[in-house]
Amino acid sequence: MIRFDAVSKRFPDGTLAVENFSLTIPSRTTTVLVGSSGSGKTTLLRMINRMVDPTSGSIRIDDDDISTLEPVKLRRSIGYVMQNSGLLPHRTVADNIATVPLLSGVKRAQARAEALTLMDTVGLDRSLADRYPSQLSGGQQQRVGVARGLAIDPNILLMDEPFGAVDPLVRSELQQELLRIQKDLAKTIVFVTHDIDEAFLLGDQVVLLRTGGQIAQVGTPAEILANPADDFVDTFIGADRGRRALRIEEVSGRQVVIDGTGRLAGILKDGAPT
Amino acid sequence: MNAFAEAFAWIGDPSHWSGPDGIPTRLAEHLAYTGLTVVIAILIAVTLGLYIGHTGRFRGASIGATSALRALPTLGLLTYLAIAFGFGIRLALIPTIIVLVVLAIPPLLAGAYSGIESVDPRTVDAARSMGMTEWQILWKVEIPLALPLIIGGVRSAVLQVVATATVAAYISLGGLGRYIIDALPVRDYTKVLVGALLVTLLALVLEGILISIQRLTVPAGVRAIRTSPPLRRVRATGQNASAASRAT
Amino acid sequence: MTWVLANIEQIWDLTLDHIMLSVPPILLGFLLAVPIGWVAHRYRLSRGVLLTVCGLLYTIPSLALIVAMPTVLGTQILNPANLIVTLTIYAVALMVRTATDAFDAVSGDVTQSATAVGFGAWRRFWQVQLPLAGPVLLAGVRVVSTSTVSLVTLGALVGMSGLGYFFTNGYQRNFATEILVGIVGTILIAVVFDVLLVLAGRMLLPWARVDAAARRNARTARTKAVAA
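Protein chains in written order, with the numbering used here: chain D, 1 to 274; chain A, 1 to 248; chain H, 1 to 228.
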């Protein structure tokens with residue numbers, strides 16, 4: 001469990017990125033922080049592994065106040081996946097995945113074997129182990145990033161818009177992959193995105209943020225959809241434009257689903273939705 | 001062009017290959033000054049450059065100092081130190097080494113900090129968030145990726161020092177510059193040309209060696225993306241930064 | 001100070017000589033390097049050759065080139081042309097690399113849209129590429145100017161005029177003040193040239209300052225984003 005208690009962060013240049021933020025992130029589930037730029041979501045994420053220290057308030061992981069923990073040690077115990085994968089360009093895929101285990105003194109051969117197993121986990125062909133990051137596609141690089149985040153088998157996995165820079169097709173592939181991995185591994189995942197659809201797809205708990213890290217609404221995707229707290233949430237999830245209000249029409253003898261904006265959302269298959 | 005033939009004949013003459021004014025001795029002297037200077041300057045400037053590059057502190061100051069040093073005329077600095085320190089003609093080595101070190105510092109400094117700065121900040125950020133200590137970030141991420149630019153700085157520094165050591169013959173130092181400085185007043189232009197040719201040859205050979213080393217230090221994973229535009233730009237600017245600080 | 005006052009006339013004469021020897025290499029270097037740099041930018045094949053040749057020329061130690069010049073040009077050792085040609089070679093060697101980078105840095109989109117709205121190659125060069133390459137070219141000329149002014153002093157070793165005379169003369173007379181005057185004078189000339197170049201840049205490239213400010217802002221924003 002991760003608990004934010006009245007956390008604020010003012011950057012040296014005066015920007016108040018987060019103000020009086022409190023939240024409990026339950027273990028072994030996925031919590032998605034979603035908001036536009038300036039909502040402080042990345043700052044909140046980076047406070048969990050002390051890449052950013054709060055100006056006031058406290059953050060606890062399983063009742064340990066993290067400000068008492070040594071940052072380097074803390075970071076090594078938490079997986080981190082970032083948007084541009086952040087892979088080390090001068091190291092091979094296998095070495096990149098094994099970076100943290102090697103830092104913590106795991107033997108080379110063992111670290112490599114574990115890296116290869118992790119490549120299976122994230123759906124990367126083992127033949128890519130000795131390639132360099134620059135020789136991989138964007139989607140493959142992100143998979144390496146995820147594998148690296150999982151390398152020390154952390155309880156907590158932080159993901160900062162990890163699929164933001166890949167094309168939509170690959171993104172949806174990676175999202176499915178993450179859902180599958182999470183079903184097997186059940187980590188405490190904190191996921192940051194600005195894409196509400198991604199948030200609803202991946203999140204057990206979704207936290208909608210306004211500017212300055214103010215919580216607009218917290219809940220399961222269904223709760224938020226069913227009961228948007230206010231106009232801001234309404235707008236953000238697209239309910240106001242009727243994007244979430246679907247109706248069925250008959251076109252050429254088939255039933256199609258159309259949303260409130262008039263956009264064709266899909267075709268209704270026979271029977272109950274699968 | 002006959003003069004060149006005479007110069008080559010002079011170089012080919014076996015009697016010029018022995019004794020205190022022989023080519024091997026002068027070459028060894030020149031290399032010794034260069035080596036000594038570059039080692040001292042690397043210890044000072046690369047350490048400082050890595051610090052500046054990693055922390056981002058004193059960056060403006062070091063850029064300012066670098067361009068100010070470029071304006072400093074080497075011959076003036078050499079003669080001034082030789083006299084002001086009172087070493088005079090007997091102890092030319094000390095002011096010379098000081099001057100050579102001072103002049104070797106800007107390109108080394110520029111190479112080191114621009115090298116570290118050329119490393120993608122997101123890569124460094126990722127390394128830090130994985131739990132690398134600052135020291136590990138420097139040694140395992142920044143230095144390997146910056147190495148080609150750091151060596152580029154060494155390259156410019158070596159060229160600078162080889163050239164300035166030639167000028168330093170004027171304040172009674174040995175080395176290949178002696179041929180030029182000794183022969184000028186007596187209008188022995190063959191010997192002047194010999195000096196010019198030898199010192200040019202030395203510079204070209206050292207340049208060739210250092211370029212090869214520089215190529216070898218590009219990490220394999222980076223070589224694969226070398227052709228991508230942003231990286232090429234960084235490399236070009238970095239090279240310029242170091243090349244530009246040559247003054248002699 | 002007394003020495004300076006007593007010799008003010010000589011200082012002034014040598015300063016003028018120094019300037020007369022510095023200006024031609026800077027101007028010639030710029031005028032030659034821009035077209036060469038454009039060719040290196042435009043034609044892939046020529047690029048490697050041109051940049052390598054410039055690199056090699058730049059490798060030659062300056063004193064070696066100065067003293068070899070009479071042999072190459074067939075001039076007398078005291079002819080100022082030796083020094084001017086040598087320094088022009090250095091200026092070109094240094095400047096071609098910068099000019100190539102400067103043209104490379106002009107965004108392909110801008111060049112293409114200029115072509116698309118109907119600029120011919122000639123007008124496109126003068127009205128689009130050259131002005132946009134301006135800021136980087138200016139930075140290059142500033143470096144060339146400073147190093148040329150400093151290199152002119154080496155001419156004193158072969159008996160040329162200029163402030164370098166104070167170095168050789170002061171050294172022979174064991175008189176440090178004279179050398180110091182030479183050093184300060186050389187630096188002053190370099191600074192004045194630099195200021196003039198910056199002012200010329202402001203007049204000719206009025207948008208560059210806005211650009212630089214924008215870049216600074218962008219950088220601050222980026223740093224902030226990284227920190228966030």
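The beta-carbon is built from N, C-alpha and C at its ideal position, and this holds for glycine as well.
Give me the Cβ distance between residue i and residue j, rounded to the nearest whole Å; I'm assuming they're in contact under 8 Å.
i	j	result
Pro148(A)	Thr79(A)	Contact doesn't hold; Cβ gap of about 37 Å is too wide.
Gly64(A)	Gly111(A)	That belief does not hold up - the Cβ atoms of Gly64(A) and Gly111(A) are roughly 17 Å apart, past 8 Å.
Ile2(D)	Thr188(D)	7 Å
Asp259(D)	Gly242(D)	6 Å
Met95(H)	Gly140(H)	5 Å
Gly221(A)	Tyr33(A)	The Cβ separation is near 38 Å, so there is no contact.
Asp125(A)	Gly138(D)	In fact, because the Cβ distance is near 18 Å, the residues do not count as touching under 8 Å.
Gly213(D)	Ala17(D)	7 Å
Ala104(A)	Thr37(A)	6 Å
Gly155(H)	Leu45(H)	No, Gly155(H) and Leu45(H) are not in contact; Cβ-Cβ is about 38 Å, not under 8 Å.
Pro54(D)	Gln205(D)	Contact flag wrong, Cβ pair sits at about 21 Å.
When the Cα atoms are used, what is the spatial distance from residue i to residue j?
i	j	result
Pro228(D)	Arg124(H)	56 Å
Leu50(A)	Val158(A)	19 Å
Val194(A)	Ile171(A)	20 Å
Gly22(A)	Ala3(A)	20 Å
Arg223(A)	Ile213(A)	14 Å
Val234(A)	Leu202(D)	With a pLDDT of only 38 at Val234(A), under 50, the local geometry of the prediction cannot be trusted, and the value read off the model is given with reservation. Roughly 39 Å between the two C-alpha positions.
Leu63(H)	Ala146(A)	33 Å
Arg263(D)	Ala245(D)	11 Å
Gln136(A)	Asp130(D)	23 Å
Ala7(A)	Tyr132(D)	52 Å
Ile237(D)	Leu48(A)	52 Å
Gly55(H)	Thr55(A)	32 Å
Glu249(D)	Ala265(D)	11 Å
Lys9(D)	Ile224(D)	27 Å
Val72(D)	Thr99(D)	14 Å
Ala116(H)	Asp109(H)	10 Å
Ile77(H)	Ile143(A)	48 Å
Arg202(A)	Arg171(D)	Position check: residue 202(A) holds Leu in this sequence, whereas Arg was assumed. Taking the straight line from one Cα to the other gives about 57 Å.
Ala99(H)	Gln160(A)	22 Å
Leu5(H)	Gly170(H)	16 Å
Is residue i buried or exposed, if buried means 16 or more other CB atoms sit within 10 Å of its CB?
i	result
Leu128(A)	It should be noted that the sequence gives Arg, not Leu, for residue 128(A). Label assigned to Arg128(A): buried.
Asp125(D)	exposed
Gly14(D)	exposed
Leu87(H)	buried
Thr52(H)	exposed
Gln10(H)	exposed
Met160(H)	buried
Leu31(H)	exposed
Tyr168(H)	In the sequence on display, residue 168(H) carries Thr and not Tyr. Thr168(H) comes out buried.
Met132(A)	buried
Can you tell me where the alpha helix (DSSP H) with residue i in it begins and where it stops?
i	result
Gln172(H)	164-172
Leu201(A)	189-216
Arg70(A)	59-71
Gln249(H)	Absent from the model: residue 249(H). The displayed extent of chain H is 1 to 228, so no value can be given.
Asp13(H)	8-42
Lys73(D)	71-76
Pro108(H)	According to the sequence provided, residue 108(H) is Gly. The question's Pro does not apply to it. From DSSP, the alpha helix (DSSP H) with Gly108(H) extends over 108-116.
Ser145(H)	130-151
Gly53(A)	23-55
Val286(A)	Because chain A in this structure spans residues 1 to 248, residue 286(A) falls outside the shown range and cannot be described.
Glu198(D)	196-202
Got a sec: does the ligand GDP put a non-hydrogen atom nearer than 7 Å to the Cβ of residue i?
i	result
Thr43(D)	By its list of ligands, the structure shown contains no ligand whatsoever, and the ligand GDP lies outside what it can speak to.
Which residues bound the beta strand (DSSP E) around residue i?
i	result
Arg131(D)	Run containing Arg131(D): none; DSSP gives neither H nor E here.
Phe4(D)	2-10
Asn20(D)	16-25
Check whether the stretch 174-192 of chain A and the stretch 177-189 of chain H touch, using three or more Cβ-Cβ pairs below 8 Å as the test. no
Okay, do the stretch 77-90 of chain D and the stretch 142-161 of chain D touch, 3+ Cβ pairs below 8 Å being the bar? yes
Quick one: any contact between the stretch 161-179 of chain A and the stretch 194-212 of chain A, if contact means 3 or more CB pairs under 8 Å? yes
Determine, using beta-carbon pairs with one atom in the stretch 25-41 of chain H and one in the stretch 100-113 of chain H, whether at least three such pairs fall under 8 Å. yes
Any chance the stretch 71-83 of chain H sits against the stretch 118-132 of chain H, with 3 or more Cβ pairs inside 8 Å? no
Could you say if the stretch 47-54 of chain D and the stretch 115-123 of chain A meet the contact criterion of at least three C-beta pairs nearer than 8 Å? no
If we count Cβ pairs, one from each stretch, closer than 8 Å, do we get three or more for the stretch 191-198 of chain D versus the stretch 23-39 of chain D? yes
Should the stretch 165-182 of chain H be regarded as contacting the stretch 66-78 of chain A, the criterion being three or more beta carbon pairs within less than 8 Å? yes
Three or more C-beta pairs closer than 8 Å, one from the stretch 101-119 of chain D and one from the stretch 168-179 of chain D: is that the case here? no
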